[in-house]
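Worksheet for the structure shown next.
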């Protein structure tokens with residue numbers, strides 16, 4: 003049987019999702035828990051390769067297992083063997099051809115920015131702290147320009163080997179809650195570092211290092227060096243993974 | 003000159019506010035920073051003696067110092083010498099007879115409860131996790147019964163040496179945000195463990211271990227053993243300290 007897990011993790015202590023030599027990753031930590039519960043160590047395929055330090059409010063991963071444990075009991079069984087910064091909160095049986103990554107029809111990310119002269123002890127490692135004031139209206143207007151089907155090559159770090167850099171952004175918005183600013187973006191897929199470069203570009207616009215109306219030109223240029231900096235990983239949250247109902 | 007600091011701290015690693023032998027407290031950590039900035043170690047008087055593990059979104063403390071550093075520069079100077087889980091965000095000169103504790107006209111606390119079958123990695127150590135479902139309507143109705151001027155002896159842990167256990171609660175409410183439940187209470191003062199016993203009593207009501215209408219009887223009894231359990235410290239936040247304008 004193929005099982006789909008949904009989980010949440012605070013990524014600060016992990017070198018991203020994917021198993022690496024000499025570094026603790028979320029994937030191997032969850033595989034350790036699976037091995038404890040089932041007595042065998044299954045492959046575990048994640049919905050994305052999150053970077054070191056990135057968080058997830060929703061992360062999905064599938065594995066194959068023969069077991070008599072009912073799916074609804076598996077989250078609690080796994081959580082008993084997981085550290086406090088990872089929690090599984092869903093498990094369901096899916097079709098044998100379901101794939102956590104390739105069956106996903108889209109994803110949503112949130113990037114959190116603390117704009118304040120002073121740090122917030124409750125947001126340490128959970129939001130990117132900048133001391134400057136940000137022009138939220140300019141950032142909101144700029145974020146809206148990400149929407150649509152575009153070649154996002156300018157928002158992709160070097161080292162990526164994808165065939166196409168065209169993606170469809172379903173929506174992008176900037177919201178302010180006091181000193182906390184949240185940039186959210188939903189798309190059919192994301193390029194390497196795409197959300198972090200988008201966030202860095204919006205911050206550059208908010209600080210007036212880039213023109214408020216520059217996003218369209220940056221996209222059209224397809225040149226990475228025209229976009230803003232790559233915002234650090236600890237502000238980034240994978241927030242939602244979308245699957246079509248018939249994929250389950 | 004007397005200075006009033008306002009700060010925020012995540013209390014998980016501290017044995018409360020007040021200096022103790024052989025344990026790290028918030029008071030001594032801030033005094034260390036004051037000594038680094040001013041070259042002398044002033045007394046630092048806090049607005050309350052928070053327990054081990056309790057958090058503060060707003061905590062006030064005063065100290066006396068002769069210095070040429072402008073008050074508005076002091077927060078950043080202190081933060082440079084403070085750990086990430088403490089942040090000073092305000093400093094002002096106050097009257098020589100101002101007292102962080104005795105000048106306070108009231109305080110507000112929030113107690114956070116995660117009611118979910120699964121833990122939330124982002125709320126570890128920051129909310130009290132219970133797996134049961136809670137009856138929020140019953141808890142809200144019960145919280146409202148705390149309002150008013152009452153003898154809160156039933157909501158005071160043994161070991162307290164206060165002269166009077168009468169306090170005026172200005173308001174108390176329970177709010178639900180998804181799986182996170184917040185109990186907030188404002189009063190002219192609080193007894194030892196008062197908010198944690200109130201929170202435990204509301205949880206007992208929410209789980210139907212106590213009758214929904216029992217708060218009035220518990221208050222009237224003045225008996226600690228009639229109230230609910232003392233909820234753990236890591237869900238508790240000192241949220242606001244009130245001073246009359248003329249006290250500054």
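Chains as they are written, first to last, in this note's numbering: chain A, 3 to 250; chain B, 3 to 250.
The C-beta atom is built at its ideal place from N, Cα and C for all residues, glycine as well.
{"Query": "In this structure, how does DSSP classify residue 225 (chain A) when only helix, strand and coil are distinguished?", "Result": "coil"}
{"Query": "Under 8 angstroms: do the stretch 184–200 of chain A and the stretch 105–116 of chain A share three or more Cβ pairs, one atom per stretch?", "Result": "yes"}
{"Query": "Please go through the stretch 148–230 of chain B and give each complete alpha helix (DSSP H) segment of 4 or more residues, from N-terminal end onward.", "Result": "196–208 and 217–223"}
{"Query": "Do residue 124 (chain A) and residue 198 (chain B) have their CB atoms nearer than 9 angstroms?", "Result": "no"}
{"Query": "Less than 9 angstroms between the beta carbons of residue 94 (chain A) and residue 36 (chain A), yes or no?", "Result": "no"}
{"Query": "Determine the direct distance from the alpha carbon of residue 117 (chain B) to that of residue 90 (chain A), and round the result to whole angstroms.", "Result": "16 angstroms"}
{"Query": "Could you please tell me which residues of the stretch 105–125 of chain B, in chain order, have their CB closer than 9 angstroms to any CB of chain A?", "Result": "118, 119, 120, 121, 122, 123 and 124"}
{"Query": "Shortest alpha-carbon distance to residue 208 (chain B) belongs to which of B:132, B:160, B:244 and B:81?", "Result": "B:132"}
{"Query": "At the level of alpha carbons, what is the spacing between residue 67 (chain A) and residue 4 (chain A)?", "Result": "6 angstroms"}
{"Query": "In chain A, what lies closer than 7 angstroms to residue 91 (chain B) by C-beta?", "Result": "120"}
{"Query": "Are residue 18 (chain A) and residue 51 (chain A) closer than 9 angstroms when you measure CB to CB?", "Result": "yes"}
{"Query": "Answer with buried or exposed for residue 176 (chain A), where buried requires no fewer than 16 other C-beta atoms within 10 angstroms of its C-beta.", "Result": "buried"}
{"Query": "If we cut at 9 angstroms on Cβ distances, does residue 234 (chain A) have a partner in chain B?", "Result": "no"}
{"Query": "Please classify residue 152 (chain B) as buried or exposed, where buried requires at least 16 neighbouring CB atoms within 10 angstroms.", "Result": "buried"}
{"Query": "Please report the residue range of the beta strand (DSSP E) in which residue 248 (chain B) lies.", "Result": "No beta strand (DSSP E) contains residue 248 (chain B), which DSSP labels as neither H nor E."}
{"Query": "Strictly below 9 angstroms CB to CB, what residues from chain B border residue 86 (chain A)?", "Result": "121, 123, 126 and 127"}
{"Query": "Could you give the uninterrupted runs of the alpha helix (DSSP H) lying entirely in the stretch 73–116 of chain B, keeping only those of 4 residues or more?", "Result": "76–81"}
{"Query": "Quick check on this structure: which residue in B:14, B:63 and B:173 has the alpha carbon closest to the alpha carbon of residue 48 (chain B)?", "Result": "B:63"}
{"Query": "Quick check on residue 213 (chain B): buried or exposed, where buried means 16 or more other Cβ atoms within 10 Å of its Cβ?", "Result": "exposed"}
{"Query": "How long is the line joining the alpha carbons of residue 100 (chain A) and residue 58 (chain B), rounded to whole angstroms?", "Result": "46 angstroms"}
{"Query": "Return yes when the Cβ of residue 172 (chain B) is within less than 9 angstroms of the Cβ of residue 203 (chain B), no when it is not.", "Result": "no"}
{"Query": "Can you find a CB in chain A that lies within less than 9 angstroms of the CB of residue 10 (chain B)?", "Result": "yes"}
{"Query": "State the Cα-Cα distance for the pair residue 168 (chain A) and residue 190 (chain A), rounded to the nearest angstrom.", "Result": "10 angstroms"}
{"Query": "Run through the DSSP bridge pairs and tell me what residue 48 (chain A) is partnered with.", "Result": "A:63"}
{"Query": "Starting from the C-beta of residue 76 (chain B), find all residues in its chain whose C-beta is less than 6 angstroms away, skip the five residues before and the five after it, and write them out in chain order.", "Result": "93"}
{"Query": "Chain B beta carbons: is any one of them nearer than 9 angstroms to that of residue 78 (chain A)?", "Result": "yes"}
{"Query": "For residue 196 (chain A), which residues of its own chain have a beta-carbon under 7 angstroms away from its beta-carbon, when the five flanking residues on both sides are left out?", "Result": "154, 157 and 158"}
{"Query": "Quick check: the Cα distance between residue 146 (chain B) and residue 88 (chain A), rounded to an integer number of angstroms?", "Result": "36 angstroms"}
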